[in-house]
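**Student:**
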Amino acid sequence: MPQSTSLASSLCVSCRKRTLSCFYVITSNTQGETLSLTLFFIFSDSCQLTLDPNTANQYLCLSEGNRKVTCSNEVQSYPDHPDRFTSHNQVLCREGLSGVCYWEVEWSGGGLRVAVSYKEISRKGYGCECVFGRNDQSWVLFCTTSRCWFYHNNTRADIPVPCSSRVGVYLDHRAGTLSFYSVSDTMTLLHRVQTTFTQPLYPGFNVYKGTSVKILTPIQ
Numbered sequence: 001m002p003q004s005t006s007l008a009s010s011l012c013v014s015c016r017k018r019t020l021s022c023f024y025v026i027t028s029n030t031q032g033e034t035l036s037l038t039l040f041f042i043f044s045d046s047c048q049l050t051l052d053p054n055t056a057n058q059y060l061c062l063s064e065g066n067r068k069v070t071c072s073n074e075v076q077s078y079p080d081h082p083d084r085f086t087s088h089n090q091v092l093c094r095e096g097l098s099g100v101c102y103w104e105v106e107w108s109g110g111g112l113r114v115a116v117s118y119k120e121i122s123r124k125g126y127g128c129e130c131v132f133g134r135n136d137q138s139w140v141l142f143c144t145t146s147r148c149w150f151y152h153n154n155t156r157a158d159i160p161v162p163c164s165s166r167v168g169v170y171l172d173h174r175a176g177t178l179s180f181y182s183v184s185d186t187m188t189l190l191h192r193v194q195t196t197f198t199q200p201l202y203p204g205f206n207v208y209k210g211t212s213v214k215i216l217t218p219i220q
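According to my numbering, the residues represented by the sequence shown are 1 to 220, in order.
(1) Would you call the stretch 199–214 and the stretch 61–76 touching, i.e. three or more CB-CB distances under 8 Å?
(2) CB G133 to CB P200, shorter than 7 Å?
(3) Whose CA, out of S138, T177 and S164, lies closest to the CA of V105?
(4) Grab me the residues of L92's own chain with a C-beta within less than 6 Å of its C-beta, minus the 5 sequence neighbours each way, in chain order.
(5) Below 7 Å between beta carbons: does that hold for S98 and H152?
(6) Short of 7 Å in beta carbon distance, which residues of its chain neighbour S182, apart from the five on each side in sequence? Order them along the chain.
(7) Going by DSSP, what residues sit across from C61 in a beta bridge?
(8) Alpha carbon to alpha carbon, how far is C47 from D158? Give it in angstroms, no decimals.
(9) Using the C-alpha atoms, what's the distance from G110 back to S44?
(10) For the beta strand (DSSP E) that contains G168, what are its first and last residues?
(11) Just the Cα atoms here: how many angstroms apart are S108 and Q76?
(12) Please classify W130: does DSSP put it in a helix, a strand, or coil?
(13) Taking DSSP as the reference, what is the three-state secondary structure of K214?
(14) In angstroms, rounded to a whole number, what distance separates the CA positions of F85 and C143?
(15) Between the alpha carbons of L112 and Q137, how many angstroms are there, rounded?
(16) In the DSSP assignment, what are the bridge partners of L51?
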């Protein structure tokens, strides 16, 4: 009897634009034969997110009502602030999430890291304690134009599927579920985390030079 060896999920794109979200879960064997198809629904609103200027590294330029960030060669005139990332091109959102949330971002350029982090992540210096994904305070999806991978607590998981220019993130804080999707005409699950979150999570980005990222939610 064939056994389930992989799990792939896709999200109905038309449903993303409404409060009702529709998930299809497909289980297949090593030959790619479909063993089961499960359809289920959840009700969740897309998150309203804005970038926090007090956390933005000096090389990150915020625009469009603090919903877009670009990494440039020019130093921004930000005042000193204890929440600011001083050595890495990172920024956090204002909103701490502790419920069921979904958001999307669109990016262009060389690459970025799409993260969620506890608020107490270190901000000063170059060490791993400050970098999204390199510590136990944060979870991150690395995206480039050709590949992507996942990091948490300095442990890497390679992802065999390339990432599109639009990334979706689904969080169920209470259930301890964090999922990253590549979004185009359909949604492809890139990586899913099952853990226990002990604090609110703040969406954030680590932006490569010449890269721009825009928060799209509410879904456009």
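Backbone N, C-alpha and C fix where the C-beta goes; we use that ideal spot for every residue, glycine too.
**Tutor:** Taking the coordinates as given:
(1) yes
(2) no
(3) S164
(4) D52, T55, Y202 and G204
(5) no
(6) V161, C163, S164, V167, T188 and L190
(7) T70
(8) 28 Å
(9) For S44, the pLDDT reaches just 49, beneath the cut-off of 50, and the residue's location in the model is therefore unreliable, leaving the point undetermined.
(10) R166 to D172
(11) 21 Å
(12) The sequence given here places Cys at residue 130; Trp does not occur at that position. In the structure shown, C130 sits in a helix (DSSP, three-state: H, G or I).
(13) strand
(14) 20 Å
(15) 18 Å
(16) C93
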